[in-house]
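Q: In the working numbering, the protein residues as written are 1 to 96.
Think of the CB as a built atom: it goes at the ideal place given N, C-alpha and C, for glycine as much as any other residue.
#1: With DSSP as the reference, label residue 22 as helix, strand or coil.
#2: Taking 8 Å as the threshold (C-beta atoms), are residue 39 and residue 54 in contact?
#3: Grab the span of the beta strand (DSSP E) containing residue 54 for me, first residue to last.
#4: Per DSSP, residue 38 forms a beta bridge with which residues?
#5: Thinking residue 15 and residue 26 are a contact (beta carbons under 8 Å), I'd like their distance in whole angstroms, please.
#6: So, at 7 Å on beta carbons, what are the nonlocal neighbours of residue 43 in its own chain, with the 5 sequence-adjacent residues on each side left out?
#7: Return helix, strand or coil for residue 63, following the three-state DSSP convention.
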């Protein structure tokens with residue numbers, strides 16, 4: 001299992017200790033991610049397909065979840081001159 005954050009954190013600690021030994025000040029700008037991309041490789045399966053599955057590892061919950069197929073996007077509405085219907089509609093509502 002390759003975990004990029006673990007190896008990068010170790011490298012940053014090593015750089016910090018080396019800078020301390022040289023009498024220099026080193027400030028790391030490395031921050032651990034809350035979620036990491038993961039990939040499960042299915043190389044052999046009795047009665048099913050083989051291949052890879054893209055997942056996201058949520059460290060806070062210690063679980064794997066499906067990776068989003070498409071990234072989330074924001075919907076922006078523009079002002080448009082669309083004529084609205086008359087508010088004086090004649091229809092009856094049932095009594096409650």
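A: On the basis of the supplied data:
#1: coil
#2: yes
#3: 51-58
#4: 55
#5: 6 Å
#6: 50
#7: strand
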